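In my numbering, the protein residues as written are 63 to 184.
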């Protein structure tokens, strides 16, 4: 179970690196799909998207920090950062469109699975 929790935390970190890249480099394509923004709003919110991407980068950095050297895992760090990801994913899903199931599946669910695996490892 230790290896599975390590792999799930690594997966969440990789996803957040991808989220960071998308928000910082491809906001124009991402914002209409994820947040339902119209073109004028997309352009006006590019700085906000880059800032949001930076926060996802910090989450990824914290998760990577928790990984230590494979397959060890700093459980306190992993729980903190995966918990932050879970909360952010649920909050985003509830506030971006009526319910954004994509955020629940892409952000909140992997974090929840990582937290469950950490808990099960004892």
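Yeah, the Cβ is synthetic: ideal placement off N, Cα and C, and Gly gets one too. Keep in mind the model is a prediction, meaning the values are calculated, not measured.
Asked, Found
"Are the region 134–152 and the region 67–76 touching by the rule of at least three beta carbon pairs closer than 8 Å?", "yes"
"What would DSSP say about residue 150, mapped onto helix, strand or coil?", "helix"
"Which of the three DSSP states, helix, strand or coil, is assigned to residue 93?", "helix"
"What is the residue span of the alpha helix (DSSP H) that residue 130 lies within?", "Taken as a continuous stretch (DSSP letters only), residue 130 belongs to no alpha helix (DSSP H), as it is neither H nor E."
"Once you ignore the five residues that flank residue 94 on each side, which residues in its own chain have a CB closer than 8 Å to its CB?", "100, 101, 104"
"Is residue 119 helix, strand or coil when you go by DSSP?", "helix"
"State the Cα-Cα distance for the pair residue 174 and residue 155, rounded to the nearest angstrom.", "14 Å"
"Given a threshold of 16 other Cβ atoms within 10 Å of its Cβ, counted over all protein chains shown, does residue 153 qualify as buried or as exposed?", "exposed"
"Do the region 84–94 and the region 157–173 make contact, defined as three or more Cβ pairs closer than 8 Å?", "no"
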